[in-house]
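Number of protein chains: 2
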Amino acid sequence: MMQNMKLPGKTVERLSEYRRILLNLLAEKKNYIYSYELAALLHITAVQVRRDLMLIGYSSGARKGYDIRELVETIGRIIDSEEGLNVAIVGMGNLGRAVASYFRGKRSKLNLVASFDNDPQKINKVISGVKCFDIKTMEQTIRDLNISIAILTVPPDAAKNTCDEIVRYGIRGILNFTTVSLKVPPDVYLEEYDMITSIEKVAYFVKENLKTQG
Amino acid sequence: MMQNMKLPGKTVERLSEYRRILLNLLAEKKNYIYSYELAALLHITAVQVRRDLMLIGYSSGARKGYDIRELVETIGRIIDSEEGLNVAIVGMGNLGRAVASYFRGKRSKLNLVASFDNDPQKINKVISGVKCFDIKTMEQTIRDLNISIAILTVPPDAAKNTCDEIVRYGIRGILNFTTVSLKVPPDVYLEEYDMITSIEKVAYFVKENLKTQG
DNA sequence: ATCTTATTGTTAATAAAATAACAATGTTTT
DNA sequence: AAAACATTGTTATTTTATTAACAATAAGAT
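First to last, the protein sequences are chains L and P.
Each residue of the first sequence is one higher than the last, beginning at 0 in numbering that gives the first Met the number 0.
Each residue of the second sequence is one higher than the last, beginning at 0 in numbering that gives the first Met the number 0.
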């Protein structure tokens, strides 16, 4: 209930992870799961799981644990959009291709319908399972294929311009993997991920642990 | 002051981002920066910047803004380890190669010294700037090259075993890019990133925005 | 059929992160 | 050299996220 209220970002992330795990379990013919089991699989607490499910208004009814199939369904109703959303990868270097292949095991209503690059070797070929379009045709293609989400994997010096472009063409959400931090209008959702930052964070805590534990 | 206390993870992440930006600015011959300028570049608040710098005990002394060179240096003293740490990429598929190339513009004392794969085509070649070793030699190589950080980019079904292995071989920090959530002993630092989760998060907020804004 | 137990759903408490408020301090202007 | 100003460093407040506590309840045991 109160499903009209936006969920906290952290909860959305965990719901996505719950679903990933639950789908795996379904494939293994498991049908019910307790909050503490699901929690253990993600190394979080059972309370957190129950609280997240409370937020999406899901209730097991009984103390037989959660019906996995039903729960997957409920999570989908909350985090997926009914009609599905179309996604494009902008920049088909190593990272773009990597992202494309991650999409194969995808679990939501997201459709990877296009990729863009400026390399003639790539244009009009199917790469990692997705057709690559000439980046010059981006405006037309984004509108034709009704693409609302872009994954940005272009080289850093192209990031700002490309971002401004796709926003003009009507993109509503961007996952930015470049090392450039972008600015978008308030009605466009932007999520940024810098892998070097993640590595430096790991290094920091390794260093600190080494200091205290030898 | 109090530099022996571990910093919050969020602060560490921002420090890494400050440094990335500051290094770019240095390259453009900018020498001083105000907190609000740095904040604007990352779309955060100036208070946050000042608070983070307070936590690492850095003080500009004057109202001329921060001396960029000095600040970069200070951040390095806090988040880098003095001798540098050696890093390996485990799994040289698309994602592994992408990560390797991100390392080129690296800004810290981290050294990418090895990668591992089981594909004979790759073994003993230099790929994306880093030598690829036979994954069978991992134990020896990790010890020989004193590798303490691993970036895990193997296929999902290999994730758990590979993780247990590298932990046995003495790895102290792992950045896990597989879709499998791992378990490590408490003295090993684990950071997990699931890009499908990020995409699903973007999709959720796009959907919500579309609901309220049409 | 009642008792015991395990698990849930939810409220309350705590912890962590972000933001606001503001005194201190140097800089520039007059 | 005093006044006005801009910016910092830090404490206080607010907000957000996590964890703890516990009543409610269904399932199985006796």
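Every residue gets a Cβ at the ideal spot worked out from N, C-alpha and C, and that includes glycine.
Residue 57 (chain P) and residue 84 (chain P) have their C-alpha atoms spaced approximately 24 Å apart. Residue 205 (chain P) is positioned such that its CB atom lies no closer than 8 Å to that of residue 146 (chain L). Separation of the CB atoms of residue 202 (chain P) and residue 107 (chain L) is rounded to 7 Å, and the pair is thereby assigned contact status at 8 Å.
Uninterrupted alpha helix (DSSP H) stretches at least 4 residues long and entirely within the segment 123 to 172 of chain L occur at 137 to 143 and 155 to 167, given in chain order. Nearest to residue 11 (chain L) by alpha-carbon distance, out of L:33, L:63, L:52 and L:40, is L:52. With respect to the C-alpha of residue 20 (chain P), the residue from L:131, L:210 and L:178 having the closest C-alpha is L:178.
Comparing alpha-carbon positions, the option among P:44, P:6 and P:70 lying closest to residue 31 (chain P) turns out to be P:70. At a cut-off of 3 residues, the continuous stretches assigned as beta strand (DSSP E) that sit fully inside the segment 68 to 97 of chain P are 84 to 89. Across the structure, residue 198 (chain P) and residue 99 (chain L) are spaced so that their CA atoms are roughly 12 Å apart. For a cut-off of 8 Å, the C-beta gap from residue 113 (chain L) to residue 140 (chain L) is around 6 Å, short enough to register as a contact.
Residue 35 (chain P) has a beta carbon lying at 8 Å or more from every beta carbon in chain L. Excluding sequence positions up to five before and after residue 103 (chain L), its CB lies within less than 7 Å of the CB of 128, all in the same chain and listed in chain order. In this structure, the straight-line span from the alpha carbon of residue 212 (chain P) to that of residue 184 (chain L) is close to 13 Å. Residue-level contact by beta carbon fails for residue 54 (chain L) and chain P, as no gap is shorter than 8 Å.
When L:63, L:78 and L:25 are compared, the shortest CA-CA separation from residue 6 (chain L) is found for L:78. A direct Cα-to-Cα measurement between residue 29 (chain L) and residue 189 (chain P) gives close to 28 Å.
Counting along the chain, residue 61 (chain L) sits inside no alpha helix (DSSP H), nor does DSSP assign it H or E at all.
Per DSSP, the unbroken beta strand (DSSP E) holding residue 191 (chain L) starts and ends at 188 to 191. Residue-level contact check: residue 138 (chain P) does not touch chain L, since none of the beta carbons of chain L fall below 8 Å from its beta carbon. At a cut-off of 8 Å, the C-beta of residue 115 (chain L) has no neighbouring C-beta in chain P.
Nearest CB-CB separation between residue 203 (chain P) and chain L: below the 8 Å threshold. Less than 8 Å divides the Cβ of residue 73 (chain P) from the Cβ of residue 55 (chain P). The Cβ of residue 212 (chain P) sits closer than 8 Å to at least one Cβ of chain L. Against chain L, a Cβ distance below 8 Å from residue 11 (chain P) picks out 199, 200, 203 and 204.
At a cut-off of 8 Å, the C-beta of residue 195 (chain P) has a neighbouring C-beta in chain L. Straight across, the Cα-Cα distance linking residue 64 (chain P) with residue 18 (chain P) is about 16 Å.
Rounded to the nearest whole angstrom, the C-alpha separation of residue 136 (chain L) and residue 164 (chain L) is 12 Å.
Minimum Cα-Cα distance from residue 117 (chain P) among the listed residues P:157, P:49, P:42 and P:23 corresponds to P:157. Boundaries of the beta strand (DSSP E) around residue 109 (chain P): 109 to 116.
Your pair residue 97 (chain L) and residue 94 (chain P) checks out as a contact, with CB atoms roughly 4 Å apart and the cut at 8 Å. Rounded to the nearest whole angstrom, the CA to CA distance from residue 49 (chain L) to residue 34 (chain L) is 6 Å. Cβ proximity to chain P below 7 Å picks out 78 and 80 from the segment 60 to 83 of chain L.
Going by C-alpha positions, residue 24 (chain L) is about 8 Å away from residue 67 (chain L). For residue 208 (chain L), the enclosing alpha helix (DSSP H) begins and ends at 194 to 212. If you look at residue 17 (chain L), you'll find it in the alpha helix (DSSP H) that goes 8 to 26.
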